[in-house]
Every structure is written in C-alpha cells, then in structure tokens.
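Undergrad:
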Amino acid sequence: KQEVTQIPAALSVPEGENLVLNCSFTDSAIYNLQWFRQDPGKGLTSLLLIQSSQREQTSGRLNASLDKSSGRSTLYIAASQPGDSATYLCAVRPKQAGTALIFGKGTTLSVSS
Amino acid sequence: GAVVSQHPSWVICKSGTSVKIECRSLDFQATTMFWYRQFPKQSLMLMATSNEGSKATYEQGVEKDKFLINHASLTLSTLTVTSAHPEDSSFYICSARDWQQNNYGYTFGSGTRLTVV
Numbered sequence: 002k003q004e005v006t007q008i009p010a011a012l013s014v015p016e017g018e019n020l021v022l023n024c025s026f027t028d029s030a031i032y033n034l035q036w037f038r039q040d041p042g043k044g045l046t047s048l049l050l051i052q053s054s055q056r057e058q059t060s061g062r063l064n065a066s067l068d069k070s071s072g073r074s075t076l077y078i079a080a081s082q083p084g085d086s087a088t089y090l091c092a093v094r095p096k097q098a099g100t101a102l103i104f105g106k107g108t109t110l111s112v113s114s
Numbered sequence: 324g325a326v327v328s329q330h331p332s333w334v335i336c337k338s339g340t341s342v343k344i345e346c347r348s349l350d351f352q353a354t355t356m357f358w359y360r361q362f363p364k365q366s367l368m369l370m371a372t373s374n375e376g377s378k379a380t381y382e383q384g385v386e387k388d389k390f391l392i393n394h395a396s397l398t399l400s401t402l403t404v405t406s407a408h409p410e411d412s413s414f415y416i417c418s419a420r421d422w423q424q425n426n427y428g429y430t431f432g433s434g435t436r437l438t439v440v
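As they're listed, the protein sequences go chains A and B.
Counting in this note's numbering, the first sequence runs from 2 upward without gaps.
Counting in this note's numbering, the second sequence runs from 324 upward without gaps.
(1) State the DSSP-derived secondary structure class of A/D68, mapped to helix, strand or coil.
(2) Less than 8 Å between the CB atoms is what I'm expecting for A/L50 and A/Q58, so what's the real figure, rounded?
(3) Counting contacts by CB-CB distance shorter than 7 Å, is B/S400 in contact with chain A?
(4) Which value, in whole angstroms, describes the spacing of the CA atoms of B/C336 and B/D411?
(5) Per DSSP, B/S348 is paired with what?
(6) My output table needs one value for A/P9: the three-state DSSP class, helix, strand or coil.
(7) For B/S396, count neighbouring Cβ atoms within 10 angstroms of its own Cβ and tell me buried if that reaches 16, exposed if not.
(8) In terms of alpha-carbon separation, which member of A/I78, A/A65, A/A11, A/V14 lies closest to A/W128?
(9) Please name the residue or residues paired with A/W36 in a DSSP beta bridge.
(10) Could you check if B/Q329 is buried or exposed, using at least 16 other CB atoms within 10 Å of its CB as the buried criterion?
(11) Using a Cβ cut-off of 8 Å, pull out every chain B residue sitting near A/K106, in sequence order please.
(12) Which runs of the beta strand (DSSP E) at least 3 residues long sit entirely within the region 330-417 of chain B? Give them in chain order.
(13) Specify whether the region 340-354 of chain B and the region 397-410 of chain B touch according to this definition: at least 3 beta carbon pairs, one from each stretch, less than 8 Å apart.
(14) Out of B/N393, B/W358, B/T398, which has the shortest C-alpha to C-alpha gap to B/V326?
Laid out in structure tokens, this is it:
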C-alpha cells in the first residue's frame, strides 16, 4: 500500500531564507507527483506537477525534484516571503488506472517578516 | 486551465439533518471525481471515487448509506451527508481530472466546511 510521508511537519523561517520541504513515498509505481499549497480553511492550489519521467519542474521561486527510484521528492522555495506561509502537501498518483491521489500529511510553513 | 467548483463553501446544520455538497467541473468533462475528507491538522483522506453513470466506490470504513454519492453527468458529482452527526463535522473536498489532458494533474474544489450542531 502506497504511503506518503512529509518531513518536517512544521517549519518556521525568517523572510528571505531558502528552504527545502521533503516528501517520500513507498511505491515507485506512480504516474506523477504533485505539490499543493493549502491555506487555512481553504482548498488546494496546485503548485507543480512532475511526471514520472521527469526529474524536476520549476515555477517562479519554486523548484520541485523527483527521484522516483528512491521514492523522494523535494520542494525548494527560494527567498521565502510571509505570503508563502501555508501548508504544503505532496501527493502521488499511483499507476493503477482511475485511482485517486495519495497525500502526505503536509508541512506547515511559517515565514516571519 | 481546469476548474472545479464546489458548493457550498461552508454549511452549519442540525444533528439528524442531511446536507448536499456539489462538485462541478466547469470547463472539462470528468468521468471520475474523488471525494476527500480532512480533519483538523490531518491530511486528505479519500472517501470515495465517483463514477459517472455508475455506483461510487467507497474506501474501507466509509459508510455508503451515510455518504451518498451521485454522479449523474460528466460535469457534476454530489455528496450527501445523511442524518449528520457532530462527528461528521469536517472539511470535505472534491477533485477531478481532465482525462483528455493526460499530462494535467488533479484539480480540486475549494472545499466545504461542514459543522453539525
């Protein structure tokens, strides 16, 4: 059974710092991996989607990497800002047809000004 | 890009009543939609997979008679929480994928905060 783990569970940094969020998964049979942002009481905003054949994706200050063979992904946030404060969720899409995403518990990030 | 609309965004109901939550794909067709539940400070847990024109598939431990799912069209799935109780209070969120765009990820609705009093 696929399990997704995110470390750390919470992170507090001062503004301007570069940071890395970690995600690991137990079964490498995935189509893709997706990083989401969730603000308190809100839905999910997709940040980056990495296909299983890809190694990384970039969007602005965000860079996500994927090492499928080792079951790991990282989300790198450059020059963090207070507006980046949110919970970041990692999810994998298993290779079984029609299956839902499997989520980690998230990393709650707090960036202080 | 793909947009999923979910309504209502929040609802308060009395114990014993039923609540219906709608999930619509606005600019694409979704033969399959997924319903998740999220308790405070927890991750999203899949409740059921909603299939257009057929019965939903429920995850282990989810009561199908309590959480009724209807997926009558390619753009609409509904979740009805029947005879709601305070322990059903949670954040419910749906998702869908544009199956014609295989490279797209899953798109999520904005969620529904259900409070049962």
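Don't be surprised by glycine CBs; every beta carbon is placed ideally from N, CA and C.
TA: In terms of the structure at hand:
(1) A/D68 falls in the strand class under three-state DSSP.
(2) Rounded, the Cβ-Cβ distance is 7 Å, consistent with contact.
(3) The beta-carbon of B/S400 is placed no less than 7 Å from the nearest beta-carbon of chain A.
(4) If I take the Cα positions, the gap works out to 11 Å.
(5) Partner(s): B/V327.
(6) Assigned with DSSP and collapsed to three states, A/P9 falls in coil, not helix or strand.
(7) With fewer than 16 other beta carbons inside 10 angstroms of its own, B/S396 counts as exposed.
(8) Since the first residue of chain A shown is 2 and the last is 114, residue 128 of chain A is not available in this structure.
(9) Bridge partners of A/W36: A/L49, A/C91.
(10) Per the 10 Å Cβ criterion, buried.
(11) Listed along chain B are Q365, S366, each with a C-beta nearer than 8 Å to that of A/K106.
(12) At a cut-off of 3 residues, the continuous stretches assigned as beta strand (DSSP E) that sit fully inside the region 330-417 of chain B are 333-336, 342-348, 355-361, 368-374, 390-396, 399-404.
(13) A contact exists between the region 340-354 of chain B and the region 397-410 of chain B.
(14) Nearest option by C-alpha distance: B/T398.
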